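Counting from 92, one number per residue, gives the positions in the sequence shown under my numbering. Glycine included, C-beta positions come from ideal geometry on N, C-alpha and C. Note that the structure is a prediction, hence the values are computed from the model and not measured. One structure below.
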Amino acid sequence: MINPKRLVEMVQKKQRKAASLGRRRRRISLPRRNGGSQDQNCKRAVAQKGHFVVYSIDKKRFVVPLQYLNHNIFRDLFKMSEEEFGLPATGPITLPCDAAYVEYVISLIQRHASEDLQKALLISMVDDWCFDIFYQFPVSSE
Numbered sequence: 092m093i094n095p096k097r098l099v100e101m102v103q104k105k106q107r108k109a110a111s112l113g114r115r116r117r118r119i120s121l122p123r124r125n126g127g128s129q130d131q132n133c134k135r136a137v138a139q140k141g142h143f144v145v146y147s148i149d150k151k152r153f154v155v156p157l158q159y160l161n162h163n164i165f166r167d168l169f170k171m172s173e174e175e176f177g178l179p180a181t182g183p184i185t186l187p188c189d190a191a192y193v194e195y196v197i198s199l200i201q202r203h204a205s206e207d208l209q210k211a212l213l214i215s216m217v218d219d220w221c222f223d224i225f226y227q228f229p230v231s232s233e
């Protein structure tokens, strides 16, 4: 049988070792501005000033101007994302649609499409989303 004092010492030693490993793993090297050894085509970890980053379901990254937050379609997409995925504490914001849909939404905003067209697009997405959920989890008629 191990002495309790010795057991406590062993646990503390393992905790110190794990903490030191954790500190080493958390260090992130960002690309250097002066043309360092890392690839110049690396994606930026942080969005440029005046922009935010969202991801589609198929993991495509979009850097979007903050002005787009004034549009109801983006607000509604964020609400749907919150309902489906929850609020990410540390990870990226994922929109509940594929890359083609996000590109289409961005193009509508760039072309100053009417609010009615944007609402119709959201309604069609919600209908498809509800349709998919209905057939994914059918209701039994017992």
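Backbone CA spacing between Leu-121 and Val-196 [nearest angstrom]: Its pLDDT being 49, under 50, Leu-121 is placed unreliably in this model, and the coordinates cannot settle the point.
Start and end residues, alpha helix (DSSP H) containing Arg-166: From DSSP, the alpha helix (DSSP H) with Arg-166 extends over 163-176.
Beta-carbon spacing of Val-145, Leu-212 below 8 Å: When the beta-carbon positions are compared, Val-145 and Leu-212 stay at least 8 Å from each other.
Beta-carbon proximity check, Ile-184 vs Ser-172, cutoff 8 Å: Less than 8 Å separates the beta-carbon of Ile-184 from that of Ser-172.
C-beta neighbour in chain C for Lys-108, strict 8 Å: Absent here is chain C; the protein component of the structure consists of one chain.
The region 198-207 in contact with the region 153-169 per 3-pair CB rule at 8 Å: A contact is defined here as three or more CB-CB pairs under 8 Å, and the region 198-207 meets this definition with respect to the region 153-169.
Limits of the unbroken beta strand (DSSP E) element including Tyr-159: Counting along the chain, Tyr-159 falls outside any beta strand (DSSP E), and DSSP gives it neither H nor E.
Per DSSP, the bridge partner or partners of Arg-152: As computed with DSSP, Arg-152 is found in a beta bridge with Tyr-146.
Cα-Cα separation, Phe-179 to Arg-107: It is Pro, not Phe, that sits at residue 179 in the sequence shown. Cα to Cα, Pro-179 sits roughly 29 Å from Arg-107.
C-alpha distance - Phe-176 paired with Ala-138, whole-angstrom precision: Taking the straight line from one Cα to the other gives about 22 Å.
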